[in-house]
Every structure is written in structure tokens, then in C-alpha cells.
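> Sequence order for the protein chains is A and B. Here my numbering is used: the first residue of the first sequence is 839, the next is one more, and so on. Here my numbering is used: the first residue of the second sequence is 2, the next is one more, and so on.
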Amino acid sequence: MRARPLLRLYPREWRERYGDELEALVGPGPLTLPVALDLLRGAVDAHLHPELATPALVAAGGGTIPLVPRTPRMRAGVLLLAVLFGLLAFGLAQPNPVLPIILPIGAHASSASIAQARYPTLHIRASIEKNGIAAVFLARGPQSAVVVSTRAATLGWMDAGGGASIGTAATDEHPMTFGVTSGANNENQWITISGTVIAPVASVALLYPDGSREVLPLHDGAFLWFETRPSPFLTPLQGSAFGRLPSEIVASDAAGNEFARLPLHLGN
Amino acid sequence: MALDNKLSAEAVLILTSLADGPKHGYAIQLDIARVSGRQLGPGSLYGAIARLETSGYIAPTTTEGARRPYRLTTAGSRALAEEVARLTRVTNVARRRLAAR
């Protein structure tokens, strides 16, 4: 991986101020993994502290700047996001012969789809444990609450395991979850890592009414969409959103012909 | 402007490097590696540079191509001196306690 795509992850104001210097520092060659992860961490930090891109404004009294993240939780959050982004970027760069459909999902679905979901609120809970990392995203959409949790165990890099799960909750007291991906071994660990992409994307589909399709453009005119028909595996609770769980992810070519269909298996 | 008085380890290293004279990012990175043995990644380095510049502890000088040297300001020099004094006190206590073991 080279530096330029990673530098695009920084806020525009930050790139205008420090982008040339940073690019000159890392050079045009391929990056090592530690340097790539460090740049990702820096990008997250820059987004969390946009005031850093305008030092003259702040120096004139336009804001306050902590010289270090103020709390352990904040530091853990920054680190967690950096690790998750790093795992995703590295996982997406790997060939995945088992579920190739996963790769374009993550590559195309992040910011635009999340924006289209029109989340009124989005809360993130994250923790770093001794043997892994975990994050829970709680979004309260216009029609339902959605909980997305991702987890990646880090017992050892080649033995990385974990999974991603997603659930809806009619009320916070009665959450219901179903697995999107789970488990990994030395041969298909990237499935698990890519699951952290699928879970947020699938959460977007949950906010759409029955039968609607969230279309995500792929390459060469092909596209991918979620089928959000009522799930045969769940009995909708009255007044809840459980009946709108996406049951399948479908990929179609430019003419609308399906060429891949990925069922979303239910159950923990 | 309210500032957190505590300097991060990266900030101390950068201020220490610039105490020797203005340097651009790559020169700072090399100097820190030479002095402390620590390899600061580019994202960490420029995150710390941005914070220090915002706090008024360092300031850019004339750009050299894509590289922009930074210099230590008076406020940065004072902050570094205070941090060194604090670290010296901690180091002295640690040395005494280790000697008493």
C-alpha cells in the first residue's frame, strides 16, 4: 500500500496544511504495515481534532487544544478506531477466495451508505480487552434502533479470530441479535475481519422498509443490494422492526442479472 | 486559549529536537531516532507537530520545497524547560529510591 490513498483519509483542511509535508516524509514507495497503521491512527486523530488543521485560528483564541488525549477512554477509543481501520484496510487488500463478494461491499459502502441512513444519533461504545478488541455501534434510526457489535480477538496475528454480529432492538431492554459472520482460522481469517465491514453495512439495510433495496455500485456497472424482505427465521414483535431484517445480500451485473447471493444466517 | 500543561512524550521529543535549531519533519524524525532510539511514525509525528504549532510552542519557518522547517518559540522553550525540570525531579527521586533498595 502506498501513502497517497491513506493521506486522502485525512480531513481536507488538514491535508492542505500538512499534506505535502507528510507526503514528502513518507515518500512515494510502498509503506510498511506499522507506518500504514500509524497514518491511519493519525487520520482518525485529525478527524477527532479538526481544530489542529487551523493552528492560526486556534492561536488567535478560536478553540482549545489538549496536548494529549484527556482520558484513558479517549486514548483507547482512538487506538481502537485506528486498529479497526487498519484491520479493515489490510483485510480488504487481501485476496479472499471464499467470499469474494465481501470485498466490494466494504470498498463501496462506508460513508455514502451511512450518510443515506440518516441516523439521528449514533453512539459508539468501544473497549480493548486483554485478548482482543470490541466495539459496539448503537444507532437510533427513524424507524428502529440498531445495535452493531464487532469483535476481533488478537490471540496471535495468524490465529486472529472473532466475528461480527448485528441486531435490532425495538426497545433497549429487548435487543435481538443475529450473526453475520463468525469464526475464523488461519486460512480464512479475512472473512472475520471483513465482517467488521459487513455489520455496519447491513445495519444500514435494517433502516429501510420491507422490500426496499439499498443499491451499492460496484465496478463495471455491476451493483450490489440488500434484500430486506421479512425474515423467515424471526417472528416480528408487534410494533417492532424485526420483520425487516435483511435476509440476503445480492450482487447483480449492469443488466440486473444476479451473479452472487449471500444469505445472512440468523442466530448467535 | 486553554492549554493542557502536560506535554506528551512525542511533544517532548520534538521540542528537544528543535532546541538544537530549526528542522523539517524528516530531520526531526532522524534526530529523535538518534537521540532516543524511538522511531516516530509519520502520523504520530505530524499529529504532535500540529498540536505544538497550535499551542504556539513551535512555528514554521520558510518552506524548502515540500518540506517546511519548524523552530522552537519562546513559549516552547519555556515549556520544554519546565518539563525537563519536572522530569529531572522524578528522575532524582527514582534514582534515590533505587539506590536505597
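Glycine residues also receive a C-beta, built at the ideal position from the N, C-alpha and C atoms.
What does the Cβ neighbour count give for ALA101 (chain B), buried or exposed, with the cut at 16 atoms within 10 Å?
Looking at its Cβ environment, which holds fewer than 16 other Cβ atoms inside 10 Å, ALA101 (chain B) is exposed.
> Going by DSSP, what residue range makes up the beta strand (DSSP E) through PRO61 (chain B)?
59 to 61 is the span of the beta strand (DSSP E), which, as asked, contains PRO61 (chain B).
> Around the Cβ of LEU46 (chain B), are there at least 16 other Cβ atoms within 10 angstroms (buried) or fewer (exposed)?
So LEU46 (chain B) counts as buried.
> Report the partner residues of LYS24 (chain B) according to the DSSP bridge assignment.
Beta-bridge pairing links LYS24 (chain B) to B:TYR71.
> If you measure beta-carbon to beta-carbon, which residues of the segment 31 to 59 of chain B are closer than 7 Å to chain A?
Per Cβ criterion, the list reads GLY42, PRO43, GLY44, SER45, TYR47, GLY48, ALA51, ARG52, GLU54, THR55, SER56 and GLY57.
> Measure the C-alpha to C-alpha separation of PRO866 (chain A) and PRO43 (chain B) and round it to an integer number of angstroms.
Each residue's alpha carbon lies about 14 Å from the other.
> Counting only C-beta atoms, is ARG879 (chain A) closer than 7 Å to chain B at any point?
With 7 Å as the cut-off, ARG879 (chain A) counts as an interface residue toward chain B.
> Three Cβ pairs or more, each shorter than 8 Å: is that satisfied between the segment 60 to 74 of chain B and the segment 869 to 888 of chain A?
These segments do not touch.
> Using only alpha-carbon positions, find the residue among B:THR55, B:SER18 and B:HIS25 that is nearest to GLU65 (chain B).
If we check each option's Cα against that of GLU65 (chain B), B:HIS25 comes out closest.
> Are any of the Cβ atoms in chain A nearer than 7 Å to that of ARG72 (chain B)?
No, ARG72 (chain B) does not count as interfacial toward chain A.
> Would you mind giving the Cβ-Cβ distance between ALA12 (chain B) and LEU53 (chain B), rounded to the nearest angstrom? I have them listed as a contact below 8 Å.
With a Cβ gap of about 6 Å, ALA12 (chain B) and LEU53 (chain B) count as contacting.
> Decide if GLU859 (chain A) is buried, meaning its Cβ has at least 16 other Cβ atoms within 10 Å, or exposed.
It counts as buried.
> Flag PRO843 (chain A) as yes when its Cβ comes closer than 6 Å to any non-hydrogen atom of the ligand ADP, and as no otherwise.
With respect to the ligand ADP, the structure shown offers nothing to examine, as it has no ligands at all.
> Report the neighbours of ALA67 (chain B) on chain A: residues whose CB is nearer than 8 Å to its CB, in chain order.
Here the neighbours are ASP858, GLU859, GLU861 and ALA862.
> Give the residues of chain A in contact with GLY22 (chain B), contact being defined as C-beta atoms less than 8 Å apart.
Neighbours of GLY22 (chain B) on chain A: none; closest Cβ ~18 Å, over 8 Å.
> What are the boundary residues of the alpha helix (DSSP H) that ALA12 (chain B) is part of?
ALA12 (chain B) -> alpha helix (DSSP H) spans 10 to 19.
> Can you confirm whether ARG840 (chain A), when its beta carbon is compared against all beta carbons of chain B, has any partner nearer than 7 Å?
By this cut-off, ARG840 (chain A) is not an interface position.
> In chain B, what lies closer than 8 Å to GLU889 (chain A) by C-beta?
Simply THR55.
> Apart from the five residues on each side of it in sequence, which residues of its chain come closer than 8 Å, Cβ to Cβ, to GLY48 (chain B)?
For GLY48 (chain B), where only same-chain residues beyond five positions count, the Cβ hits under 8 Å are GLU11.
> Counting only beta-carbon separations shorter than 7 Å, does VAL882 (chain A) have a partner in chain B?
No, VAL882 (chain A) does not count as interfacial toward chain B.
> Please confirm if GLY26 (chain B) has its CB atom under 7 Å from at least one CB of chain A.
Interface residue, yes.
> Buried or exposed for LEU14 (chain B), going by 16 or more other Cβ atoms inside 10 Å?
Buried.
> Rounded to the nearest angstrom, what separates THR55 (chain B) and ARG79 (chain B) at their Cα positions?
Between THR55 (chain B) and ARG79 (chain B), the C-alpha separation is close to 16 Å.
> LEU878 (chain A): buried (16+ other C-beta within 10 angstroms of its C-beta) or exposed?
Result: buried.
> Ordered along the chain, which non-local residues of its own chain (more than five positions away) have a Cβ less than 7 Å from that of PRO849 (chain A)?
These residues qualify, in order along the chain: ALA884, HIS885, PRO888 and ALA891.
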